[in-house]
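In our numbering, the protein residues as written are -8 to 226.
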């Protein structure tokens, strides 16, 4: 009998041992582990600030430069263009004056287009086109101030048209300022070399032409509402 009771009370198959190891709730726990999504992944997927939103936050300025969130354009400043234009205008004016002083001064005028345009060397103590000869020192100071103002504007310059305009102004101002400082009758009182003489018009030089062209371009840009920093405003 003891032997029979021992046989009856002992599990006779491996299935019984396996069932004994399983506990209620294991299936539920397994379902939670396998069926539940990753909260972190869902948070990341639905979080704002993705690539699309970042791209949408970047605007474009009137000059074609991308803008930051505060409306200021990003990208490379146009300082190199400004100084390249200024150096070109200054060099062209300086070389032309050197040739005129060496070859044309105290000589007969050279007719270029009949009586309508000729090259005639004169010394001008006044402003552009021969105006204000009694204020040579004042014009010298004004030219110096213009150069300083342009240098300060260059720090926030992102517009290519403005870089060209300011470069023309800078090159022209430097050209005439060089004459004011280094030519006779003295420092800051020197007479500017002019040689372009259209019929029924004042005699001028290439520096004067650069200043006028730069000024006209600035007026046009202002009418269009384009600022030096590349933004466009509407009045």
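In this text, a Cβ means the ideal position worked out from N, Cα and C, and glycines have one as well.
Using DSSP with H/G/I as helix, E/B as strand and the rest coil, what is residue i?
{"i": "residue 206", "result": "helix"}
{"i": "residue 115", "result": "strand"}
{"i": "residue 195", "result": "strand"}
{"i": "residue 189", "result": "strand"}
{"i": "residue 179", "result": "coil"}
{"i": "residue 234", "result": "Outside the displayed range of the chain (-8 to 226) lies residue 234, so it cannot be described from this structure."}
{"i": "residue 165", "result": "helix"}
{"i": "residue 217", "result": "strand"}
{"i": "residue 211", "result": "helix"}
Hey, quick one: how far does the alpha helix (DSSP H) through residue i stretch, first residue to last?
{"i": "residue 82", "result": "70 to 94"}
{"i": "residue 222", "result": "It is not in any alpha helix (DSSP H) - residue 222 carries neither H nor E in the DSSP assignment."}
Does the beta-carbon distance from residue i to residue j come in below 8 Å?
{"i": "residue 112", "j": "residue 163", "result": "no"}
{"i": "residue 212", "j": "residue 152", "result": "yes"}
{"i": "residue 179", "j": "residue 172", "result": "yes"}
{"i": "residue 147", "j": "residue 100", "result": "no"}
{"i": "residue 77", "j": "residue 208", "result": "no"}
{"i": "residue 138", "j": "residue 157", "result": "no"}
{"i": "residue 80", "j": "residue 201", "result": "yes"}
{"i": "residue 182", "j": "residue 116", "result": "yes"}
Tell me which residue opens and which closes the beta strand (DSSP E) that residue i is part of.
{"i": "residue 102", "result": "101 to 104"}
Measure the beta-carbon distance from residue i to residue j and round it to whole angstroms, keeping in mind my assumption that it falls under 8 Å.
{"i": "residue 149", "j": "residue 68", "result": "6 Å"}
{"i": "residue 205", "j": "residue 159", "result": "3 Å"}
{"i": "residue 131", "j": "residue 168", "result": "7 Å"}
{"i": "residue 194", "j": "residue 91", "result": "Not really, about 11 Å apart at Cβ, beyond 8 Å."}
{"i": "residue 217", "j": "residue 210", "result": "Wrong, their Cβ atoms sit about 12 Å apart, outside the cutoff."}
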